[in-house]
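Numbering follows the numbering used here, in which position 512 of the sequence shown is assigned residue number 617; successive positions increment by one, without gaps. For each residue, glycine too, the CB sits at the ideal point set by N, CA and C. Quantities reported herein were computed from a predicted structural model and do not represent experimental measurements. See structure below.
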Amino acid sequence: MSALPLPPRPEIPQVDPALLQAAFQALPSGMTLVDLEGHYIQASPAFCKMLGYSEEELRGLSIQELTHPDDWARQIRFLIELKAGSRPSYQMEKRFIRKDGEEIWAWLHAALLRNEAGEPICLAAYIQDISDRIAAEKALSRSLDRLAGILTTMEDGVVEIDREGNFIYANEAAERILRLPVETITTRSTNSNLWSLLDWDGQPMAPEDSPLSRALATRQVVRGTRFGLRLEDGVQVWLIANAAPLFDGEDQVRGALVTFLDVTETRRGEQALQQSQRLESLGLLAGSIAHDYNNLLGALIVSLEMARTETTPGTEQCRQLERAEGLAQRSADLTRQLLAYAGRGQGKKEHLDLNGLVRDMGDLLKVSIAKRALLDLDLASGDMGLWGDKAQLQQVLLNLLTNAADAMKERPGSIRITTARFTYPQGQVPLPIARKGLGPGDYLMLEVKDEGCGMDAVTLRRIFEPFFTTKVEGRGLGLSAMLGIVRSHQGVVTVESTPEVGTSFQLFFPAFSAHGKTHEPARALEPFQGRGLVMVVDDEAAIRVVASEILTTLGFEVITAEDGLEALRLFQTRGPELVLVLLDLTMPHLDGFQTLQQMRALRPDIRVLLSSGFADPDLDIRLSPGSVAGFLPKPYRVQDLIHAVKDALDGE
106 MSALPLPPRP EIPQVDPALL QAAFQALPSG MTLVDLEGHY IQASPAFCKM
156 LGYSEEELRG LSIQELTHPD DWARQIRFLI ELKAGSRPSY QMEKRFIRKD
206 GEEIWAWLHA ALLRNEAGEP ICLAAYIQDI SDRIAAEKAL SRSLDRLAGI
256 LTTMEDGVVE IDREGNFIYA NEAAERILRL PVETITTRST NSNLWSLLDW
306 DGQPMAPEDS PLSRALATRQ VVRGTRFGLR LEDGVQVWLI ANAAPLFDGE
356 DQVRGALVTF LDVTETRRGE QALQQSQRLE SLGLLAGSIA HDYNNLLGAL
406 IVSLEMARTE TTPGTEQCRQ LERAEGLAQR SADLTRQLLA YAGRGQGKKE
456 HLDLNGLVRD MGDLLKVSIA KRALLDLDLA SGDMGLWGDK AQLQQVLLNL
506 LTNAADAMKE RPGSIRITTA RFTYPQGQVP LPIARKGLGP GDYLMLEVKD
556 EGCGMDAVTL RRIFEPFFTT KVEGRGLGLS AMLGIVRSHQ GVVTVESTPE
606 VGTSFQLFFP AFSAHGKTHE PARALEPFQG RGLVMVVDDE AAIRVVASEI
656 LTTLGFEVIT AEDGLEALRL FQTRGPELVL VLLDLTMPHL DGFQTLQQMR
706 ALRPDIRVLL SSGFADPDLD IRLSPGSVAG FLPKPYRVQD LIHAVKDALD
756 GE
């Protein structure tokens, strides 16, 4: 088979040199010819304009003269390789020096031209001005650096997530907030078991309700979503997040950018405030109930006591009255618990040593926990004095220890009682106790810590509610009364608890280093005969009746008033005759303090015996020295009233 004949090769037309020269001159980019020594032979108008030289000025100038010094070493290497024949051409980005001294960036493509014999004759170069592109790249780089700096230093976490839920980017704040290294975050997806979603109430959140899912689904920015994450280690993190969809060039959602702020501490503060306000409201309610109940009990106890004195001892009638008195006294105990919860309980306060208080109860404490746990005491050295009611504080300690022992159940472990003394300067009070109102100063800390079953967050929020208990046999006020006792000592309580780990109660009391005070022992009632006019001022009618009967029996003439306003009206007319005023502190319209002030203004020497079922920690501050003749706590018995009246009139 013979080969097909090839078509004749077309003849290549000769290009007119004038045409080539015209093209050289017309190109929008620069063109140059350079001799083998590196001097410019010819330059296009575009190149001349680029550098600000005329073609005549350029002729004779060298490449090195027009090249930035920092770029010359790289270009001379290319030139050497080109002349040596190791490369046919080269290209590079370089800086030229203009005639006015300014720098411009250019892209250069150069090649060596040879004659028909293959000998090099000159260098031809194509030059394009890329200064605008370089400037834009530098501006973009600066913007990216600023953005990186912002993302690195900002408190908000930032993550980028693609449409499939894969994490593409996470900043350092995200690493800190999510408790995961960036490398771990960016190799996972939202479907990984990194955490579970929680709504603001702590309940499981559906994935479609997350800000990310809503932003992807709606193609709109989602702002201010409050939610929580339960991390792999069980820690709960609470966030406020914004999510914005990201779009590709075809307006399709390619992912989302999510920013989030850690508000865990803020949420805890809000919960603590809400709990404090709730407990405060319950305290006000308990105090109000206790006030009215106290008045009724006081009248009942005195009436029963007076009735019993009219009966023959040992008779059935006397026994029934004694039983009724006992029931009334038990009711009074409940009232004292209500007052303790409200922080208004009466008590006999004295200088105490906190360590001594714990040691004195050592045997009782060990019996209380029996064989359920080991008792470990860690008592601080130095001055551990405080001003308080010994019986109430012992009850607090016993209550906490009993609860700790119950929490231990059958677990092996110990219960530790720790005491310490702290001094908190201005601005350095720890946040958990500062939120509860503790200011700068010296404080004693009593901690009861167990290794028991612990409590979850829901239980922890309710432990100070009256009648709330986790025990089948639990009843009464429990920790709520304990809280009230601590408050009445101007103290605060903090609690930390973790399920299956244990619970720590920390009680903080103001330190008190004064010398101890002693209380006089109860003395027997001496025969007492009253004379003159006494006014009984109380908003409870039963109290006015029984107090009037007792005082009348003693020989006094008695007038009564149901509130401060009525007392002042009577005082206007009969004030000069009065030998004593029995004045209740808590009354409507005009309370005891206001009434006392106005009585003192009318008659400075009037003897006033104050009476109340509430403890007022500021009583000594609100009363000037010598302004009252005594204080009678409610509910009181017959002999309590007689003693108080006798002491007030005797000036004791």
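So what's residue i in DSSP terms, helix, strand or just coil?
i: ILE568; result: coil
i: CYS227; result: strand
i: VAL264; result: strand
i: LEU704; result: Checking the sequence shown, residue 704 turns out to be Met, not Leu. Helix, per DSSP.
i: LYS243; result: helix
i: MET489; result: coil
i: ARG164; result: coil
i: LYS495; result: helix
i: ASN504; result: helix
i: SER408; result: helix
i: GLU552; result: strand
i: LEU638; result: strand
i: GLN233; result: strand
i: VAL563; result: helix
i: PHE527; result: strand
i: THR371; result: helix
i: GLU280; result: helix
i: GLY735; result: strand
i: PHE129; result: helix
i: ARG429; result: Per the sequence presented here, residue 429 reads as Ala, with Arg not at that position. DSSP places ALA429 in helix when its eight states are reduced to three.
i: ASP723; result: Low local confidence applies: a pLDDT of 46 at ASP723 is under 50, so the model's placement there is unreliable, with the coordinate-based value given in what follows. In this structure, ASP723 counts as coil in the three-state DSSP scheme.
i: ARG516; result: coil
i: ALA509; result: helix
i: ASP696; result: coil
i: LEU299; result: coil
Which two residues bound the contiguous alpha helix (DSSP H) that contains residue i?
i: CYS153; result: 150-156
i: TRP177; result: 174-188
i: SER318; result: 316-323
i: MET587; result: 584-593
i: ARG293; result: ARG293 -> no alpha helix (DSSP H), and no H or E assigned at all.
i: VAL463; result: 459-465
i: THR678; result: 669-679
i: ILE538; result: 536-539
Between which two residues does the beta strand (DSSP E) holding residue i run?
i: ALA211; result: 208-219
i: SER194; result: 194-202
i: LEU746; result: Where LEU746 is concerned, there is no enclosing beta strand (DSSP E), although the alpha helix (DSSP H) it sits in stretches over 743-755.
i: ARG331; result: 327-336
i: VAL363; result: 358-367
i: PHE610; result: 607-615
i: ARG649; result: No beta strand (DSSP E) holds ARG649; the alpha helix (DSSP H) holding it covers 646-659.
i: ILE273; result: 272-275
i: SER684; result: Before going further, note that residue 684 is Val rather than Ser in the sequence given. That run of the beta strand (DSSP E) goes 683-689.
i: GLY544; result: Note, GLY544: premise wrong, no beta strand (DSSP E); not H, not E.
i: GLU269; result: Unbroken run through GLU269: none, as it is neither H nor E.
i: ASP481; result: 479-483
i: TRP305; result: Looking at the DSSP string, TRP305 is not in any beta strand (DSSP E), and its letter there is neither H nor E.
i: MET136; result: 135-139
i: ALA666; result: 662-666
Return yes when the Cβ of residue j is within less than 8 Å of the Cβ of residue i, no when it is not.
i: LEU695; j: LEU715; result: no
i: ILE266; j: ALA346; result: no
i: LEU491; j: THR524; result: no
i: GLY333; j: LEU366; result: no
i: ARG758; j: ILE209; result: The first residue shown for the chain is 106 and the last is 757, placing residue 758 beyond what the model contains.
i: LYS188; j: LEU166; result: no
i: HIS214; j: SER194; result: yes
i: ILE538; j: VAL597; result: yes
i: LEU675; j: MET640; result: yes
i: ARG192; j: GLU186; result: yes
Got a sec? Which residues, its chain only, sit under 7 Å from residue i by beta carbon, not counting five neighbours each side?
i: ALA753; result: LEU685, ARG712, LEU714, ALA734, GLY735
i: ALA279; result: GLY262, VAL263, VAL264, ILE290
Once you ignore the five residues that flank residue i on each side, which residues in its own chain have a CB closer than 6 Å to its CB?
i: ILE290; result: PHE272, ALA275
Only counting the same chain, and skipping five residues up and downstream in sequence, which positions put a Cβ closer than 8 Å to that of residue i?
i: VAL368; result: ARG331, TRP343, LEU344, ILE345
With a threshold of 8 Å, are at least 3 pairs of Cβ atoms found where one atom belongs to the stretch 140-160 and the other to the stretch 212-229? Contact annotation: the stretch 140-160 touches the stretch 212-229, with at least three C-beta pairs closer than 8 Å.
Do the stretch 545-552 and the stretch 509-529 make contact, defined as three or more Cβ pairs closer than 8 Å? yes
Would you call the stretch 653-660 and the stretch 670-679 touching, i.e. three or more CB-CB distances under 8 Å? no
Are the stretch 315-326 and the stretch 275-283 touching by the rule of at least three beta carbon pairs closer than 8 Å? no
Touch test, the stretch 176-189 against the stretch 229-247, Cβ-Cβ under 8 Å, three pairs minimum: no
Should the stretch 502-514 be called in touch with the stretch 554-561, which here means at least 3 C-beta pairs below 8 Å? yes
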